[in-house]
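Each residue of the sequence shown is one higher than the one before, counting from 18 in our numbering.
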Amino acid sequence: VDMIMVGRGSLGNPWLIRDLVDYFDEKPLMGPPTSLDRIQMCEKHFNYLLEEKIEKLAVLEMRSLASWYLKGIENGKQYKQKLINMVRKEEIFDLLKEIKEKL
């Protein structure tokens, strides 16, 4: 293979890139990220968005991106429902903090 394209598989799973590189370099694969890893990465991703965009746009984008990070997390569906109406960065950070405390 000369090249591969990674699309939706990397949404909420940036570790996929690391795993692909390790696989093709014939290195042992690391285990899947924990739920805590996923939430911490979501926070990091949101902070990056806030550095690049105004709060309103960053929040709108994170509302959909966070859903990918929440996939497979216990009570993820309820957390996704809460995300739908969030309009301030503090609301998202508070939700992520709540999730971490319950893990």
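A virtual CB, placed ideally from N, CA and C, is assigned to each residue, including glycine.
Worksheet item: To the nearest whole angstrom, what separates the beta carbons of Cys59 and Tyr40, a pair I think is in contact under 8 angstroms?
Response: Incorrect: roughly 24 angstroms between the Cβ atoms, too far for contact.
Worksheet item: In whole angstroms, what is the alpha-carbon distance linking Asn30 and Arg55?
Response: 8 angstroms
Worksheet item: Taking DSSP as the reference, what is the three-state secondary structure of Met103?
Response: coil
Practice prompt. Would you tell me roughly how many angstroms separate the C-alpha atoms of Gly48 and Phe110, rounded to the nearest one?
Written response: 27 angstroms
Practice prompt. Output the boundary residues of the alpha helix (DSSP H) element that contains Arg35.
Written response: 32-41
Item to complete: Starting from the C-beta of Leu82, find all residues in its chain whose C-beta is less than 6 angstroms away, skip the five residues before and the five after it, and write them out in chain order.
Response: none
Item to complete: Let me know if Ile21 comes out buried or exposed under the rule of 16 or more other beta-carbons within 10 Å of its beta-carbon.
Response: exposed
Discussion item. Tell me the rounded alpha-carbon separation between Lys117 and Glu43.
Written reply: 34 angstroms
Worksheet item: Using the rule of at least 16 other Cβ atoms within 10 Å of the residue's Cβ for burial, across every protein chain shown, is Val76 buried or exposed?
Response: buried
Worksheet item: Exposed or buried, what is Leu113 when buried is set at 16 or more other beta-carbons lying within 10 Å of its beta-carbon?
Response: buried
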